[in-house]
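Taking this note's numbering, I'd label the letters of the sequence shown as residues 939 to 1279. Where a beta carbon is used, it is the ideal one built from N, C-alpha and C, also for glycine. A quick note: this is a predicted structure, and the numbers were derived from the prediction, not measured. What follows is a short report on a single structure.
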Amino acid sequence: MKPTARPRFEPLRSKDDCRNRSVAWSQNGICLRRSSAGLPERSRQSMDGPTSTISLPPKRIGLLAGSGQFPFMFAEAARAQGLQVVCVGVAGMASPELANVCYSYAEGPLAQIGTGIRLFKRAHVDQVVMAGKIEKTVLFQNWLFFRLLPDWRTIKMWLRHIRDRKDDTILLAVIREFERDHIYFHSALDYCPELLVKHGFLTRRRPTESQWKDIRFGWDLAKEMGRLDIGQSVAVNDMAVLAVEAIEGTDRCIQRAGELCRRGGFTVIKVAKPQQDMRFDVPTIGVQTIKSLHEAGGRVLAIEAGKTIVLEQAEVVEAADRLGIAMVAVNAEELTLSAAA
């Protein structure tokens, strides 16, 4: 019995050959055929056999990562959607463990924007998200220049565009610098919208009538602090401001409120800025926020529904219930939930 002859495969030689077979011609002499999803598939046409197709690699998304759990949760969500996550972590802040959940991982110094751009370009990435916390306090260390060792591109960006050191000013300047190399930022929440808290009571315990007054009182103050790009949180008690979040972050703001209100029982309100850009610096809480509030003597945490990230929400709610803290997600328009509802 004669063995079956292997089919002979030859590349199509001209654009006309491609047109005759209803496929498209590529510059490297290989035909490209459109898949039903609109993405090209490589195809080599057999002269006396069936068409062989090779799917293109999965789409890549870049991740510029800071500290915390948010980068991990984004990476896992993106992978579940079939994306390859190319991660560039901020050295000294991002966790090297991200290498376990990302397609590739590299680190770049905080003040070397050119390094981050080169790493993404080498990986053929032009769509990027930010996730994780960047410790802004490093900008106020002694001998800042020698500690950060900025590259020339960062120095030029700083001199041209940084009129102040507000979060929005710095991060928008960074985004514009990446865009000069055709690398564009999107919101990480486009890929994991389930992290945004939904409206309503989150815990068994609910705010009392006096605590609702504090929530309403603190809401407008927190929004004004956000408009001024100072911070996202305020701590209040009996309609008096105890602490306002600045660059120290939410946990240390809560700690300061506890030091000033020894009897405890205060309320923390955390909101998005009126001009919030959802690509970066989105209000975020986690289990540590609840622990900090409990240790400081706080009793209520009010957050903005639809614009606040709650990391590991089941664990956060369980911790709040166990520690007797009331959590509620409210909207700017209503703030009229009844304490007896």
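- Between the stretch 1130 to 1143 and the stretch 1172 to 1186, the count of C-beta pairs closer than 8 Å stays below three; the two stretches do not touch.
- When rounded, the separation of the alpha-carbon atoms in A1032 and G1070 is 8 Å.
- Secondary structure of F1204 (DSSP, three-state): coil.
- The Cβ-Cβ distance between M1068 and R1217 falls below 8 Å.
- Here R1101 has T1107 as same chain residues with Cβ atoms under 8 Å from its own Cβ, once five neighbours each way along the sequence are excluded.
- Selection H1232, H1062, R1098 evaluated against E1197 yields H1232 as nearest (Cα-Cα).
- Its chain contains P1088, D1089, T1092 as the residues whose beta carbon lies nearer than 7 Å to that of Q1050, once the 5 sequence neighbours on both sides are disregarded; these appear in chain order.
- Using a Cβ distance threshold of 8 Å, D1064 and D1219 do not count as a contacting pair.
- Inclusion of L1261 and G1224 in the CB contact set at 8 Å is not warranted, their separation being larger than that value.
- Of the other Cβ atoms in all chains shown, fewer than 16 fall within 10 Å of the Cβ of Y1122; this residue is therefore exposed.
- Under the three-state reduction of DSSP output, H1124 falls in the strand class.
- Counting only the Cα atoms, G1236 lies some 12 Å from A1181.
- Within a 10 Å sphere around the beta-carbon of E1035 sit fewer than 16 other beta-carbons, which makes this residue exposed.
- A straight line joining the alpha-carbon of K1094 with that of M1011 spans about 34 Å.
- Ranked by Cα distance from M1265, the first of E1271, E1242, E1272 is E1242.
- Take R1085, set aside five residues on each side of it, and the residues of its chain with a beta-carbon closer than 8 Å to its own are V1076, Q1079, in chain order.
- The bridge partners DSSP lists for K1071 are S1005.
- For T1246, the secondary structure class from DSSP, reduced to helix, strand or coil, is coil.
- If you compare the alpha carbons of D1167, M1177, E1147 with that of W1157, the shortest gap goes to M1177.
- Annotated as distal: G1054 and L1109, with beta-carbon spacing of 8 Å or more.
- The beta carbon of V1028 lies closer than 6 Å to those of G1004, L1048 in the same chain, with the five residues before and after it left out.
- Around V1179, the same chain offers L1159, V1172 as residues with beta carbons nearer than 7 Å, after the five sequence neighbours per side are excluded.
- Within the DSSP secondary-structure output, A1267 pairs in a beta bridge with G1138, I1241.
- In this structure, the beta-carbon distance from A1111 to H1124 does not fall below 8 Å.
- DSSP places V1174 in the uninterrupted beta strand (DSSP E) bounded by 1171 to 1175.
- Looking only at L1239, L1166, V1023, the smallest Cα-Cα distance to Y1129 is reached by V1023.
- Beta-bridge annotation (DSSP): I1223 is paired with V1248.
- Counting C-beta atoms within 10 angstroms of its own C-beta, K997 has fewer than 16 neighbours from the protein chains shown and is therefore classed as exposed.
- In summary, P1131 is exposed, with fewer than 16 beta-carbon neighbours lying within 10 Å of its beta-carbon over all protein chains present.
- DSSP assignment within the stretch 999 to 1051 yields the following whole beta strand (DSSP E) runs of 3 residues or more, N-terminal first: 1022 to 1028, 1042 to 1046.
- By the neighbour-count definition (other C-beta atoms within 10 Å, threshold 16), E1147 is an exposed residue.
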